[in-house]
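Peer 1: Protein chains in written order, with the working numbering: chain A, 3 to 340; chain B, 14 to 349.
Have a look at the structure that comes next, please.
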């Protein structure tokens, strides 16, 4: 039974499989239903909102929703990798703030550095934080929850130390373009989200590395026996999640036109929520990046819709909480593992 | 070896006694504790920096220790205990929570330590004195600006602080006291953005969609949120100057936006609050002979009279920041 499940995880991420026995077919059917359940739920939500507000389905508002989803979506894609590898990353909000502040400090002043320098620095800071997470977890065997909780605190502290608690305004126009520019009428943050989605969809579905992530999350021991360098996979996964947090930090900074030391607080929770709503199992090994995208979109649409309808933000939190719990209740993998 | 150790010890003890004597001969520095609710906002950071710039702190007459309450009333409570144990001479107190703040004050006062409230009021009659800007009045000035700018008629939205915090409660009261008198000003939306620029940005984007072409005025209960609204208006491809936008605090970004004619901010004078509180604390410790050292009393003159430093309440006036005086205000808040 145990070997069976691990086999399933090794050979089949979330799609069907030829080799696995009937159990996996049942599981994959459930996953299939669950995957489409999310998309159906998303469209029902959209239909409901477009009936309640005439502005919901306007091009401008759709762009707004996408733009407001972009940062959480990018963080959630990184979080998906981590959770698929049976981990968790609580530090993304703090890493986002640190990357944003560092990039802002380079893009400000009388003679700002060119945007690409600030961007490279921001992504580099995120990557470095993520690599530290990955090394502490894989080499020192610290549980992911603890290691990234530590990073949450350290990165936030460094943000305040570096910025002395003050926002960093006056950013160069070329840097601001990251948050405010448009290409063919589409806001740049949305394009970043789209690019991130496509890249990581390919990574997870078409590359060996992607398979390894599923394998490590499904059953680390079997994965190691199968000859996968699980520690390297973990370091890479946390590094990528950190780098995506850095990208989120760049976009947020450019969107708010200043590096803000208190930015990104509790963003990790929204990212985890998007992943969970999207059907990825917190037990690792099962889930898709497409699910996560729809999870992030559902959160974005709820926030946007309730604003349009003039509903108090207090209800917004209640609705979001209920959806997260319902999504986990529907999680098919849960039944097989528990 | 033993001898050397003993000699060293004797020398050490001797030098300690000597140091003790020599400092006792000069006037002993007054130990002042500043317990502020949190250093993670620009305003409170600037505020404590001004405290450190007080002439008495700089010339060594005051030994100042800042306690960061980390936005947790419980942390502030614990810090008060340790301040009392360490026998500070006076406390400057900026509470996070109005109600929890009250108990803390009584504890210190009954231990014989004067407590000067500053910036945000603690709900306690026991406070030795209070120096702050009346948030209610600040809100009213904001609303009055919008009413005047719109000619008494139009649609506005209000970006609120975290619900229940004294800044939010009092500023809203002030805003409503003015808007209630002008029934032709319609409030289209009112929601919290938790003092946050990023939250206000998304909220304003959604409001611009929900009320296309209808919003004419934006009242931010602080500057950060008003700036977020400006970004949303720009992102929607609209002209910021078609809107009447107002915020409170006078943070640097807001002063810059005011200079560009994009908004108006109401300056809450951190320097006057912080250094005023320090002067009053020193008056409480050193007695009648103490003369205030900060130049803020001269700056405000009759608008903020010293009155021997024993009043229960000192209201630091608000200053409206517009295109006209933005440069001057910027100089005032950055020059130390």
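Backbone N, C-alpha and C define an ideal beta-carbon position, used for all residues, glycine too.
Nothing here was measured: the structure is a model prediction, and the numbers come from that model.
Taking CB distances under 8 angstroms as the criterion, tell me whether residue 55 of chain A reaches chain B.
Peer 2: Yes, contact with chain B.
Peer 1: Runs of 3 residues minimum, wholly inside the stretch 99-135 of chain B: which ones carry the beta strand (DSSP E) assignment?
Peer 2: 103-107, 128-131
Peer 1: Can you name the residues of chain A whose CB is closer than 8 angstroms to the CB of residue 241 of chain B?
Peer 2: 258
Peer 1: Taking any Cβ of chain B, which residues in the stretch 172-205 of chain A have a Cβ under 7 angstroms from it, in chain order?
Peer 2: 182
Peer 1: Would residue 147 of chain A be called buried (16 or more neighbouring beta carbons within 10 Å of its own) or exposed?
Peer 2: Label assigned to residue 147 of chain A: exposed.
Peer 1: On the DSSP letters alone, give me the boundaries of the alpha helix (DSSP H) that residue 207 of chain A sits inside.
Peer 2: 190-208
Peer 1: Specify the secondary structure class of residue 327 of chain B as computed by DSSP and reduced to three states.
Peer 2: Here residue 327 of chain B sits in strand by DSSP.
Peer 1: List the residues of chain B whose Cβ lies closer than 8 angstroms to the Cβ of residue 71 of chain A, in chain order.
Peer 2: Ordered by position in chain B, no residue passes the 8 angstroms Cβ test against residue 71 of chain A, which lies about 10 angstroms from the chain.
Peer 1: Closer than 8 angstroms between beta carbons: that is the criterion. Which residues of the stretch 286-299 of chain B meet it against chain A?
Peer 2: none
Peer 1: Are the Cβ atoms of residue 121 of chain B and residue 104 of chain B separated by less than 8 angstroms?
Peer 2: yes
Peer 1: Taking 6 angstroms as the limit between beta carbons, can you name the residues of its chain near residue 326 of chain B, skipping five residues before and five after?
Peer 2: Spatial neighbours of residue 326 of chain B in its own chain (CB-CB distance under 6 angstroms, excluding positions within 5 residues in sequence) are listed in chain order as 143.
Peer 1: Closest to residue 100 of chain B by C-alpha separation, out of B:43, B:82, B:145, would be which residue?
Peer 2: B:43
Peer 1: Please identify, using Cβ separations under 8 angstroms, the residues of the stretch 211-235 of chain B that lie next to chain A, in order along the chain.
Peer 2: 211, 214, 215, 216, 218, 219, 220, 222, 223, 225
Peer 1: Take residue 61 of chain B as the anchor and find which of B:72, B:125, B:132 has the nearest alpha-carbon.
Peer 2: B:132
Peer 1: Taking the C-alpha atoms as reference points, what is the distance between residue 258 of chain A and residue 280 of chain B?
Peer 2: 22 angstroms
Peer 1: Indicate whether at least one CB of chain B lies closer than 8 angstroms to the CB of residue 309 of chain A.
Peer 2: yes
Peer 1: I want to see whether chain B comes within less than 8 angstroms of residue 315 of chain A, judged by CB atoms only; does it?
Peer 2: yes
Peer 1: Assign residue 83 of chain B to one of three DSSP states: helix, strand, or coil.
Peer 2: coil
Peer 1: Check whether chain B comes within 8 angstroms of residue 322 of chain A, counting only Cβ atoms and requiring the distance to be less than that.
Peer 2: no
Peer 1: Between residue 35 of chain B and chain A, is any beta-carbon pair separated by less than 8 angstroms?
Peer 2: Low local confidence applies: a pLDDT of 41 at residue 35 of chain B is under 50, so the model's placement there is unreliable, with the coordinate-based value given in what follows. Residue 35 of chain B is outside the set of residues whose beta carbon lies under 8 angstroms from a beta carbon in chain A.
Peer 1: Name the DSSP beta bridge partners of residue 204 of chain B, please?
Peer 2: B:172
Peer 1: At which residues does the alpha helix (DSSP H) containing residue 297 of chain A begin and terminate?
Peer 2: 291-310
Peer 1: Checking contacts by CB at 8 angstroms: is residue 74 of chain A closer than that to chain B?
Peer 2: no
Peer 1: Any beta-carbon of chain A closer than 8 angstroms to the one on residue 178 of chain B?
Peer 2: no
Peer 1: Helix, strand or coil for residue 257 of chain B, going by three-state DSSP, please let me know.
Peer 2: strand
Peer 1: Does the beta-carbon of residue 283 of chain B have 16 or more other beta-carbons within 10 angstroms, so that it is buried, or is it exposed?
Peer 2: Label assigned to residue 283 of chain B: buried.
Peer 1: Give a yes or no on whether the C-beta atoms belonging to residue 290 of chain A and residue 276 of chain A are separated by under 8 angstroms.
Peer 2: no
Peer 1: Give the DSSP bridge partners of residue 143 of chain B, in chain order.
Peer 2: B:130, B:326
Peer 1: Report yes or no: do the stretch 199-210 of chain B and the stretch 300-320 of chain A share at least 3 C-beta pairs separated by less than 8 angstroms?
Peer 2: yes
Peer 1: So for residue 52 of chain B, helix, strand or coil by DSSP?
Peer 2: coil
Peer 1: Residues in its own chain within less than 8 angstroms of residue 192 of chain A by CB, not counting five upstream and five downstream?
Peer 2: 65, 68, 69, 72
Peer 1: Taking the Cβ atom as the reference point for each residue, do residue 300 of chain A and residue 45 of chain A lie within a distance shorter than 8 angstroms?
Peer 2: no
Peer 1: Whose CA, out of B:180, B:218, B:229, lies closest to the CA of residue 167 of chain B?
Peer 2: Selected option, being the one with the closest Cα: B:229.
Peer 1: In chain order, what residues of the same chain have a beta carbon less than 8 angstroms from the beta carbon of residue 41 of chain A, not counting five sequence neighbours either side?
Peer 2: 296
Peer 1: Output the distance between the C-alpha atoms of residue 58 of chain A and residue 189 of chain A, rounded to the nearest integer angstrom.
Peer 2: 18 angstroms
Peer 1: How close, in whole Å, do the beta carbons of residue 219 of chain A and residue 87 of chain A come, if the pair is a contact with beta carbons under 8 angstroms?
Peer 2: 5 angstroms
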